[in-house]
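> Got a structure for you, written out below as structure tokens; questions coming shortly.
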Amino acid sequence: MKTDCDLLEQAGKSPRIALHCVCCGGGDLAKSPAILMPFVAKRAFGWEPVEITAAWGLRDLRCGNAYPLCNSVRCLRCGLVFLDIRFSDSEMAALYAGYRGPEYTAQREHFEPGYARRAVVIADGATHTGQVEAFLSAHVAALPRVLDWGGDTGKNTPFRSRCSLLHIFDISAQQVMPGAVSVDKHTVATTHYDLIVLSHVLEHVPFPASTISEIAAIMARDTILYIEVPYEDLMREAQDATDLHARKRYWHEHVNFFTRDSLSALIANCGLRVVDMQSIEAEGGAKRWHLWSLACMLDAVSP
Ligand SMILES: [Zn+2]
């Protein structure tokens, strides 16, 4: 009899199409056809949209625009809604190379006119750091030693201005903010942190459990892992709809839409326990965002 952890590990090894939920390992999945947005398909696979015309001479197909197909999947056990395609490491690297840099922005502007203007608003950054610090203050000591995993420049790292150490681990290797230090995996593995921040990463990655397990391996017994992901409008506004997955018609950068149950299952399956969890509303980029915030620790009963 396979455990949820076994099934989750198996899901992590599926190279292309997820056969199990990537949070709880469940195999009871509802599916509905959707499309992969052209920009993502181009970056990850080199595919471009095409128009099928009568000149193709296809007997059984209708003429019209063709876009890459995929499935929107909903786990009937934990409620996670996700893209069935799981990108490989090399596809992820291609998708996020030079993220929001000049080449990335120009290519995205080609597929999504107006993106460059919207990106300026996004770059203005989050404005809810105070809310995050208030949430974490009950669990984190004063002047914490902080690691921001995937923290970009460290601009939005909680406690940035009142910590005793700030390390940024990010594949983008950008110039980090004054006071922060860009570090490699060796430094990460040999440093004690009071707080590890994993903010707006898990909605992008094909196997969230792999990322969390990698972090869990370097956590001390007293380390707090702060996780933040979007509480997507679809999940919030139609959470009781039985056809929730069918309402997700397209997929872009965010390939995992989380629920409270899916996050709880994910954390438990990675040997952690949730110390505190809340959904918050924040302002940023001239719109209101809904987010899940979690504080986690190693589970005392885990080996
Ligand atoms: Zn699930």
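Numbering that gives the first Met the number 0 numbers the first residue of the sequence shown as 0 and each following residue consecutively. Don't be surprised by glycine CBs; every beta carbon is placed ideally from N, CA and C.
(1) Between Ala-179 and Thr-156, what straight-line distance do the alpha-carbon atoms span, to the nearest angstrom?
(2) With distance defined between alpha-carbon atoms, name the residue in Tyr-230, Ala-43, Val-139 nearest to Ala-92.
(3) Just how far apart, CA to CA, sit Tyr-192 and Gln-174?
(4) Across the region 134 to 141 and the region 290 to 301, are there enough close Cβ pairs to call them in contact, namely three or more that are closer than 8 Å?
(5) Any heavy atom of ligand 1 within a distance shorter than 7 Å of the CB on Ala-264?
(6) Assuming Ile-226 and Leu-194 form a contact by the criterion Cβ under 8 Å, report the distance between their Cβ atoms to the nearest whole angstrom.
(7) DSSP three-state label for Met-218, please.
(8) Any idea what DSSP makes of Glu-227, helix, strand or coil?
(9) Is the region 96 to 104 in contact with the region 67 to 85, if contact means three or more CB pairs nearer than 8 Å?
(10) Would you kindly work out how many angstroms separate the C-alpha atoms of Ala-17 and Glu-108, rounded to a whole number?
(11) Name the two residues that bound the continuous alpha helix (DSSP H) containing Met-91.
(12) For Trp-46 and Arg-61, what's the separation of their Cα atoms in angstroms?
(13) Sorry if obvious, but does the Cβ on Leu-243 come closer than 7 Å to a heavy atom of ligand 1?
(14) Use the C-beta contact count for Glu-1: other C-beta atoms within 10 angstroms, 16 or more gives buried, fewer gives exposed.
(15) Taking buried to mean at least 16 other C-beta atoms within 10 Å of its own C-beta, is Trp-250 buried or exposed?
(16) Could you spell out where the alpha helix (DSSP H) holding Val-187 opens and where it closes?
(17) Does any C-beta atom of chain B lie closer than 8 Å to the C-beta of Leu-68?
(18) Using 7 Å as the cut-off, classify the Cβ of Gly-97 as near or not near the heavy atoms of ligand 1, replying yes or no.
(19) Compute the Euclidean distance between the alpha carbons of Gly-386 and Trp-55, then round it to the nearest angstrom.
(20) Taking only three categories from DSSP, how would you classify Leu-60?
(21) Which residue wins for smallest C-alpha separation from Ser-171, given the options Leu-290, Asp-151, Val-187, Gln-238?
(22) Within its chain, find whatever has a CB closer than 6 Å to the CB of Ile-279; leave out the 5 residues flanking it on each side and keep chain order.
(23) Please name the residue in Phe-134, Ser-209, Cys-74, Val-182 whose C-alpha comes closest to that of Ser-87.
(24) Taking the continuous beta strand (DSSP E) assigned at Ile-34, which residues delimit it?
(25) Report the three-state DSSP secondary structure of His-109 (helix, strand or coil).
(26) Under three-state DSSP, which class holds Ala-294?
(27) For Asn-268 and Glu-202, I'd like the C-alpha separation in whole angstroms.
(28) If I measure Cβ to Cβ from Ser-212 and keep anything under 6 Å in the same chain, skipping five residues before and after, which residues do I get?
(29) Determine the direct distance from the alpha carbon of Leu-271 to that of Asp-83, and round the result to whole angstroms.
(30) Specify the secondary structure class of Gln-130 as computed by DSSP and reduced to three states.
(31) What residue range is occupied by the uninterrupted beta strand (DSSP E) comprising Ser-163?
(32) Along the chain, where does the alpha helix (DSSP H) that runs through Asp-147 open and close?
So, to answer that:
(1) If you number the sequence shown from 1, residue 179 lands on position 180. If you number the sequence shown from 1, residue 156 lands on position 157. Their Cα atoms are separated by approximately 10 Å.
(2) To locate residue 92, count along the sequence shown from 1; it is residue 93. Of the candidates Tyr-230, Ala-43, Val-139, the one whose C-alpha sits nearest the C-alpha of Ala-92 is Ala-43.
(3) Locating residue 192 in the sequence shown gives position 193, where the first residue counts as 1. Locating residue 174 in the sequence shown gives position 175, where the first residue counts as 1. Going by the C-alpha atoms only, they are around 22 Å apart.
(4) yes
(5) Locating residue 264 in the sequence shown gives position 265, counting from the first residue. Within the cutoff, so yes.
(6) As a working mapping, residue 226 is identified with position 227 in the sequence shown. As a working mapping, residue 194 is identified with position 195 in the sequence shown. Not really, about 12 Å apart at Cβ, beyond 8 Å.
(7) Translated into the one-based positions of the sequence shown, residue 218 becomes position 219. DSSP places Met-218 in coil when its eight states are reduced to three.
(8) As a working note, residue 227 is residue 228 in the sequence shown. It is a strand residue.
(9) no
(10) On the sequence shown, residue 17 is found 18 positions in, with the first residue counted as 1. On the sequence shown, residue 108 is found 109 positions in, with the first residue counted as 1. Near 30 Å, if we compare the C-alpha coordinates of Glu-108 and Ala-17.
(11) The count along the sequence shown starts at 1 and reaches residue 91 at position 92. Note, Met-91: alpha helix (DSSP H), 88 to 95.
(12) Within the sequence shown, numbered from 1, the residue matching residue 46 stands at position 47. Within the sequence shown, numbered from 1, the residue matching residue 61 stands at position 62. For Trp-46 and Arg-61, the distance between alpha carbons rounds to 20 Å.
(13) In the sequence shown, the residue the question calls residue 243 occupies position 244. Ligand 1 never approaches Leu-243 closely enough for any of its heavy atoms to be under 7 Å from the residue's Cβ.
(14) To locate residue 1, count along the sequence shown from 1; it is residue 2. Correcting the residue type first, residue 1 is Lys in the shown sequence and not Glu. Per the 10 Å Cβ criterion, exposed.
(15) Position 251 of the sequence shown, counted from the start, is the residue given in the question as residue 250. With 16 or more other Cβ atoms within 10 Å, it is buried.
(16) Against the sequence shown, residue 187 aligns to sequence position 188. Val-187 -> alpha helix (DSSP H) spans 184 to 188.
(17) Annotation note: the requested chain B is absent from the structure, which comprises a single protein chain.
(18) If you number the sequence shown from 1, residue 97 lands on position 98. When distances are taken from the beta-carbon of Gly-97 to the heavy atoms of ligand 1, even the shortest one reaches 7 Å or more.
(19) Since the first residue of the chain shown is 0 and the last is 302, residue 386 is not available in this structure.
(20) Reading the sequence shown from its first residue, position 61 is the one you call residue 60. In this structure, Leu-60 counts as coil in the three-state DSSP scheme.
(21) In the sequence shown, residue 171 corresponds to position 172, counting from 1. With distances taken between Cα atoms, Ser-171 lies closest to Asp-151.
(22) Indexing the sequence shown from 1 puts residue 279 at position 280. Excluding residues within five positions, the ones whose Cβ falls inside 6 Å are Gln-130, Leu-290, Ser-292.
(23) The sequence position of residue 87 within the sequence shown is 88, counting from 1. Ranking the options by Cα distance to Ser-87, first place goes to Ser-209.
(24) Here residue 34 refers to the residue found at position 35 of the sequence shown. First-last of the beta strand (DSSP E) with Ile-34: 28 to 35.
(25) Counting from 1 along the sequence shown, the entry for residue 109 is found at position 110. Three-state DSSP puts His-109 in a helix.
(26) Locating residue 294 in the sequence shown gives position 295, counting from the first residue. Taken through DSSP and simplified to helix, strand or coil, Ala-294 comes out as strand.
(27) Along the sequence shown, one-based indexing puts residue 268 at 269. Along the sequence shown, one-based indexing puts residue 202 at 203. In a straight line, the C-alpha of Asn-268 is about 17 Å away from that of Glu-202.
(28) Walking along the sequence shown from the start, residue 212 turns up at place 213. Cβ within range, chain order: Cys-269.
(29) Taking the sequence shown and counting its residues from 1, one reaches residue 83 at position 84. Taking the sequence shown and counting its residues from 1, one reaches residue 271 at position 272. Looking at the two C-alpha atoms, the distance is approximately 26 Å.
(30) One-based indexing of the sequence shown puts residue 130 at position 131. Assignment of Gln-130 by DSSP, reduced to helix, strand and coil, places it in the helix class.
(31) Within the sequence shown, residue 163 is the residue found at index 164, counting from 1. Boundaries cannot be given for Ser-163, as no beta strand (DSSP E) includes it and DSSP labels it neither H nor E.
(32) Stepping through the sequence shown from its first residue, residue 147 is reached at position 148. Run containing Asp-147: none in the alpha helix (DSSP H); it sits in the beta strand (DSSP E), 144 to 148.
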